[in-house]
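Student: Right, I'll just put the structure down here and ask away after.
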Amino acid sequence: MQIPAAFEYARAESLDHALQLLAEHGEESRVIAGGHSLLPMMKLRIASPEWLIDINDLSELEHITEDGDWLRVGALARHVSLLESDVVVGHFPIVRDAEKTIADPLVRNRGTIGGSLCQADPAEDLSTVCHVLRAELVIRGPNGERTVPMKELHRGPYETSVEPNEILTEIRWPIRARSSSAYTKVERRVGDWATAAAGASVTLGAQGQIEDVAIGLTAVGLDGSTATRSQDAVRGQQPSEDLYAEAGRLAAEDCNPMGDQRGTEAYKRHLADELTRRVLRTAVGRVMSNAGSRG
Ligand SMILES: Cc1cc2nc3c(=O)[nH]c(=O)nc-3n(C[C@H](O)[C@H](O)[C@H](O)COP(=O)(O)OP(=O)(O)OC[C@H]3O[C@@H](n4cnc5c(N)ncnc54)[C@H](O)[C@@H]3O)c2cc1C
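Its first residue numbered 170, the sequence shown is counted upward by one per residue in the working numbering.
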């Protein structure tokens, strides 16, 4: 692998200090968190920042905290912390489903949720998870804090609405009653990026109907990751195999995969169909078994 272009390095001591360093060094500076995406890009000279602002000492961005109807996760929370958190899996089993498949322990020990979302790679698993959980993102800049919904974070592949002088500080997932979620991924070998993956979150109503649903797909070129027509087909209906099949059929129709070394376009469409069915079935099953275990 190549050697990166020369750069300067500063280690931030606090969030305010990090923001001050970004303001000082301007557009040529980049935040570095786990470095698992940025450093390979620098080695390949796809990115050549003049300054790296290291935020790894900002322990105030590592929290995983239940706060009323929200789970608040600091942008510097590592993959491994999300994977091992009981509070996360208790409310959002989709996160553990996804984290189990992300890379390997080396990457999971350092890589962060904030870095994953800010990298905006279309094959990134946590982006789909955050779409499905309807996450809100807290972003801090020189003029204070703003909150944006997940659907406004990504402007396109590798592009986000976090400005060069801003830092993503927190991810918030709404906690909802009678709800659960699931993620499943097909990869060529353990630790690989997705050939295709799907995630779903469902809320069941008092009569057992699917009151609310979010369905997302990874790495199959779906606009904004969200399978809108599949969601519309499922919302308000009683769960059934026929319903999951219809949602899968629509997801396969609406996605726009590219054939590559991971599989042909037709194979990826087939996966979009099958994986959509599976995550719906699993998420609904999880709500039902949670309701049963409480009853
Ligand atoms: C071998 C390998 C396999 C992988 N496999 C997978 C996989 O299967 N699935 C998957 O989803 N991911 C995978 N990844 C990516 C992994 O999840 C990375 O950890 C993640 O993409 C980036 O997190 P990071 O903390 O390392 O970010 P960094 O590399 O430090 O940063 C990435 C980008 O985000 C910016 N950034 C970081 N934090 C912030 C912040 N708080 N505010 C603003 N900007 C910020 C940086 O400036 C940079 O532009 C893999 C990585 C490797 C190396």
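Note that beta-carbon positions come from the ideal geometry of N, C-alpha and C, so glycine has one too.
Cα-Cα, which of 385, 220 and 227 is closest to residue 370?
Tutor: Checked all of 385, 220 and 227; the closest Cα to residue 370 is 385.
Student: The alpha helix (DSSP H) with residue 212 in it runs from where to where?
Tutor: Start and end: 207-212.
Student: For ligand 1, I want to know if residue 272 counts as a neighbour, meaning its beta carbon is within less than 7 Å of at least one of the ligand's heavy atoms.
Tutor: Checking every heavy atom of ligand 1 against the Cβ of residue 272, one is found closer than 7 Å.
Student: Please classify residue 305: is it buried, with 16 or more other beta-carbons within 10 angstroms of its beta-carbon, or exposed?
Tutor: With 16 or more Cβ atoms within 10 Å of its Cβ, residue 305 is classed as buried.
Student: Just how far apart, CA to CA, sit residue 464 and residue 322?
Tutor: Bear in mind that a pLDDT of 39 at residue 464, under 50, signals an unreliable position, so the model cannot answer this.
Student: Would you decide whether residue 387 is buried or exposed? Buried here means 16 or more other CB atoms lie within 10 Å of its CB.
Tutor: Looking at its Cβ environment, which holds 16 or more other Cβ atoms inside 10 Å, residue 387 is buried.
Student: Restricting to Cα atoms, I'd like to know which of 365, 256, 374 and 230 is closest to residue 436.
Tutor: Among 365, 256, 374 and 230, the Cα nearest to that of residue 436 is on 365.
Student: Determine, using beta-carbon pairs with one atom in the stretch 191-205 and one in the stretch 274-292, whether at least three such pairs fall under 8 Å.
Tutor: Yes: at least three Cβ pairs fall under 8 Å.
Student: For residue 273, collect the residues of the same chain with a Cβ closer than 6 Å to its Cβ; drop the 5 residues on either side in sequence, then sort them by chain order.
Tutor: Hits under 6 Å: 360.
Student: Taking DSSP as the reference, what is the three-state secondary structure of residue 356?
Tutor: In this structure, residue 356 counts as coil in the three-state DSSP scheme.
Student: Given a cut-off of 8 Å on the beta-carbon distance, is the pair residue 303 and residue 383 in contact?
Tutor: Yes, Cβ-Cβ distance for residue 303 and residue 383 is below 8 Å.
Student: Under the rule that 16 or more other beta-carbon atoms within 10 Å means buried, what is residue 266, buried or exposed?
Tutor: With 16 or more other Cβ atoms within 10 Å, it is buried.
Student: Between which residues of its own chain and residue 310 is the CB-CB distance below 6 Å, once the five residues before and five after are set aside?
Tutor: The answer, listed in chain order, is 334 and 335.
Student: For a quick check, are the C-beta atoms of residue 444 and residue 346 less than 8 Å apart?
Tutor: No, the Cβ-Cβ distance between residue 444 and residue 346 is not below 8 Å.
Student: Applying the 10 Å Cβ sphere with the 16-neighbour rule, what's the burial state of residue 263?
Tutor: Buried, since its Cβ has 16 or more Cβ neighbours within 10 Å.
Student: Could you give the DSSP three-state label for residue 381: helix, strand or coil?
Tutor: Residue 381: strand per DSSP, three-state reduction.
Student: Bridge partners for residue 429 per DSSP, in chain order?
Tutor: 432.
Student: What separation, rounded to the nearest whole angstrom, lies between the Cα atoms of residue 235 and residue 260?
Tutor: Approximately 10 Å, taken between the alpha carbons.
Student: At which residue ranges does the stretch 294-366 contain complete alpha helix (DSSP H) runs of 4 or more residues, listed in the order of the chain?
Tutor: Segments of the alpha helix (DSSP H) lying fully in the stretch 294-366: 294-301.
Student: Just to check, is the beta-carbon of residue 260 closer than 7 Å to a non-hydrogen atom of ligand 1?
Tutor: Residue 260: no, Cβ never under 7 Å from ligand 1.
Student: Does ligand 1 have a heavy atom nearer than 7 Å to the CB of residue 417?
Tutor: No, ligand 1 has no heavy atom inside 7 Å of this Cβ.
Student: Beta-carbon of residue 419 versus every beta-carbon of chain C: anything under 8 Å?
Tutor: As a matter of chain content, chain C is missing from the structure shown, which is built from one protein chain.
Student: With which residues is residue 178 paired in a DSSP beta bridge?
Tutor: Paired residues: 221.
Student: Sorted by chain position, which residues of the same chain lie with C-beta nearer than 7 Å to residue 207's C-beta, five sequence neighbours on each side aside?
Tutor: Here the set comprises 199, 201 and 216.
Student: What do you reckon, is the C-beta of residue 430 under 7 Å from a heavy atom of ligand 1?
Tutor: Result no, Cβ not under 7 Å from ligand 1.
Student: Using a Cβ-Cβ cutoff of less than 6 Å, which residues in the same chain neighbour residue 315 once the five nearest sequence positions on both sides are dropped?
Tutor: Closer than 6 Å at the Cβ level, and outside the excluded window around residue 315, lie 308.
Student: Between the Cα of residue 180 and those of 192, 380, 439 and 227, spot the shortest distance and give me the residue it belongs to.
Tutor: Residue 227 is the option with its Cα nearest to residue 180.
Student: Less than 7 Å between the CB of residue 204 and some heavy atom of ligand 1, yes or no?
Tutor: Because some heavy atom of ligand 1 lies under 7 Å away, the Cβ of residue 204 counts as near it: yes.
Student: Using CA atoms only, rank isn't needed, just tell me which of 324, 233, 460 and 331 is closest to residue 254.
Tutor: Of the candidates 324, 233, 460 and 331, the one whose C-alpha sits nearest the C-alpha of residue 254 is 233.
Student: Ignoring anything shorter than 3 residues or poking outside the stretch 248-290, list the beta strand (DSSP E) runs there in chain order.
Tutor: As far as the stretch 248-290 is concerned, it has no whole beta strand (DSSP E) run of at least 3 residues.
Student: Given 7 Å as the limit, tell me if residue 287 has its C-beta closer than that to any heavy atom belonging to ligand 1.
Tutor: For ligand 1, at least one heavy atom lies less than 7 Å from the Cβ of residue 287.
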